[in-house]
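Q:
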Amino acid sequence: AQSVAQPEDQVNVAEGNPLTVKCTYSVSGNPYLFWYVQYPNRGLQFLLKYITGDNLVKGSYGFEAEFNKSQTSFHLKKPSALVSDSALYFCAVRENSGGYNKLIFGAGTRLAVHP
Amino acid sequence: SAVISQKPSRDICQRGTSLTIQCQVDSQVTMMFWYRQQPGQSLTLIATANQGSEATYESGFVIDKFPISRPNLTFSTLTVSNMSPEDSSIYLCSDRPASNTGELFFGEGSRLTVL
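Chains as they are written, first to last, in my numbering: chain A, 62 to 176; chain B, 1097 to 1211.
(1) Go to residue 1122 of chain B, then tell me how far its beta strand (DSSP E) extends in each direction, as first and last residue.
(2) Do you know offhand how far residue 1110 of chain B's Cα is from residue 1120 of chain B's?
(3) Could you name the residues of chain A that residue 1200 of chain B contacts, counting a contact when the two beta carbons are closer than 7 angstroms?
(4) Buried or exposed for residue 73 of chain A, please, with buried defined as at least 16 other CB atoms from any protein chain shown within 10 angstroms of its CB.
(5) Label residue 1199 of chain B either buried or exposed according to how many other C-beta atoms from any shown protein chain fall within 10 Å of its C-beta, with 16 as the threshold for buried.
(6) Whether or not the region 78 to 91 of chain A and the region 1180 to 1192 of chain B are in contact is what I'm after, with contact meaning three or more pairs of Cβ atoms, one per stretch, closer than 8 angstroms; do they touch?
(7) Listed in chain order, which residues of the region 108 to 127 of chain A have Cβ atoms closer than 8 angstroms to some Cβ of chain B?
(8) Would you say residue 150 of chain A lies against chain B (beta-carbon separation less than 8 angstroms)?
(9) Cβ atoms of residue 97 of chain A and residue 151 of chain A: under 8 angstroms apart, would you say?
(10) Across the region 135 to 154 of chain A and the region 78 to 87 of chain A, are there enough close Cβ pairs to call them in contact, namely three or more that are closer than 8 angstroms?
(11) Find the nearest neighbour of residue 1112 of chain B within the set B:1161, B:1188, B:1102 and B:1141, judged by alpha-carbon distance.
(12) Using a C-beta cutoff of 8 angstroms, does residue 135 of chain A count as contacting chain B?
(13) Residue 1103 of chain B bridges to which residues according to DSSP?
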């Protein structure tokens, strides 16, 4: 079965500094990887995905993620953090099961950006 | 992406009662997914709802507890039956766009508290 791991429960960063939220994956075959963000009392918002092609994927709100096959990682990054980036971030992987695709989510990482 | 609306956005329920959550999509979609997010936890897939067929439930979830309807390509309901405090969660509806690369788009969620 496919899985993703987010090793950090929380990441703290000062506003204006670069941020990284870590994700590692375990899949058979080529991975389809995703990042989502959940703001307080909101649903999940899709940020970006890696399917194939360039290892650096750009997404919404200035976020990007780097796919690293040798390290089986898909870390989320942003060059300069904003206080408004404070939220819960989920990494996910696509799994094909029973003839259809579904998403398997990591445990989530809470990002706190301090002024 | 389609706009997904859920009702109710939140509710407080009594133990032993049942509640039906509605999910409306503003365009026709083949597959809809229902997820549960328990307090402080990640998302867990409950079931996949295809129009015109029985929902497909994930391990640990059964139809008697979480009956699902999918009467057409824009609407689905999830009922949480005979609720207990352990059912207190956010329930999220999602759909998959036609691109079929795997990403899902989510409604705002329905936050249920069972007393």
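Just so it is clear, CB atoms sit at the ideal spot from N, CA and C, and this is done for glycine as well. Fair warning: this is a prediction, and the values are worked out from it, not measured in the lab.
A: Straight from the coordinates:
(1) As a working mapping, residue 1122 of chain B is identified with position 26 in the second sequence. Counting along the chain, residue 1122 of chain B falls outside any beta strand (DSSP E), and DSSP gives it neither H nor E.
(2) By 1-based counting over the second sequence, the position of residue 1110 of chain B is 14. By 1-based counting over the second sequence, the position of residue 1120 of chain B is 24. Going by the C-alpha atoms only, they are around 25 angstroms apart.
(3) What you label residue 1200 of chain B is simply residue 104 of the second sequence in a count that begins at 1. Going along chain A in sequence order, the residues near residue 1200 of chain B (Cβ under 7 angstroms) are 164.
(4) Residue mapping note: residue 73 of chain A aligns to position 12 of the first sequence, counting from 1. It is exposed - the Cβ of residue 73 of chain A has fewer than 16 other Cβ atoms within 10 Å.
(5) Start at 1 with the first residue of the second sequence, and residue 1199 of chain B comes out as number 103. It is buried - the Cβ of residue 1199 of chain B has at least 16 other Cβ atoms within 10 Å.
(6) no
(7) 110 and 112
(8) Residue 150 of chain A sits at position 89 when you count from the first residue of the first sequence. No - not a single Cβ of chain B is within 8 angstroms of the one on residue 150 of chain A.
(9) Taking the first sequence and counting its residues from 1, one reaches residue 151 of chain A at position 90. Taking the first sequence and counting its residues from 1, one reaches residue 97 of chain A at position 36. Yes, these two residues count as a Cβ contact at 8 angstroms.
(10) yes
(11) Mapped onto the second sequence, residue 1112 of chain B falls at position 16. Among B:1161, B:1188, B:1102 and B:1141, the Cα nearest to that of residue 1112 of chain B belongs to B:1161.
(12) If you number the first sequence from 1, residue 135 of chain A lands on position 74. Output row for residue 135 of chain A: interface = no.
(13) Position 7 of the second sequence, counting from 1, holds the residue named residue 1103 of chain B. Answer by DSSP bridge pairing, in chain order: B:1118.
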